[in-house]
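For the sequence shown, the tail end lands on 137 under the numbering used here, and the numbers increase by one without skipping.
Below you'll find the structure, written out as structure tokens, and then a few comments.
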Amino acid sequence: MYKLDPIERLPDGSLFRLTPGQLRSVRGLTKRCCNFSGGDCLLLDGACPQYISRSLLCRWFRRAVLPQQPKLEQAILSPKKLRRCEVCGTGILARSGRTKYCPACAKEVHRQQKAKSARKRRSGVDNLRAKSP
């Protein structure tokens, strides 16, 4: 199976799923595609995959037709759960409101935070001992 480009999938590897309202709008746009002819795709010599699918499959549709509707494109390609990692900037699916880092960066940031906390705790103990005598 040919793997789709990274931009055509969510960070977890799944395809973009359309809500019922988005699906109606996408099917209307699909009919305006230059390769669409009565439910068939002229490029594929068969059924149009974008017209029968509930996700974004057709690269031609993604790059040529969808940009004609910027609001719909934004709604589909930038879901509210999709965020950017604060360290590296890669897209992540937020599982909670506190998610700020991708899994790879989260380990490193957590390690740095623990080290900083330990240094602060140790410096407080040393200062107390110096003041006591």
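We put the beta carbon where it would ideally sit given N, CA and C, even for glycine.
Shown here for LEU46: same chain residues with a beta carbon closer than 6 Å to its own, the five before and five after excluded, namely ASN39 in chain order.
For LEU70, the number of other beta carbons within 10 angstroms of its own is at least 16, and it is reported as buried.
Excluding the 5 residues flanking it on each side, PHE65 has same chain C-beta neighbours closer than 7 Å at THR34, CYS37, GLN54, in chain order.
Following the DSSP letters along the chain, one finds LEU33 inside the alpha helix (DSSP H) bounded by residues 24 to 34. A direct Cα-Cα distance of roughly 15 Å separates GLY95 from ARG102. According to the DSSP assignment, LEU86 belongs to the beta strand (DSSP E) that extends over 86 to 88. For LEU76, the uninterrupted alpha helix (DSSP H) segment begins and ends at 74 to 81. Judged by their CB atoms, LEU76 and SER29 are nearer to each other than the 7 Å cut-off. Just so you know, the alpha carbons of GLN117 and ALA108 end up roughly 15 Å apart. In the three-state reduction of the DSSP assignment, ARG99 falls in the coil class. Non-local beta-carbon contacts of ASP44 in its own chain, meaning distances under 8 Å to residues more than five positions away in sequence, involve GLY50, ALA51, CYS52 in chain order.
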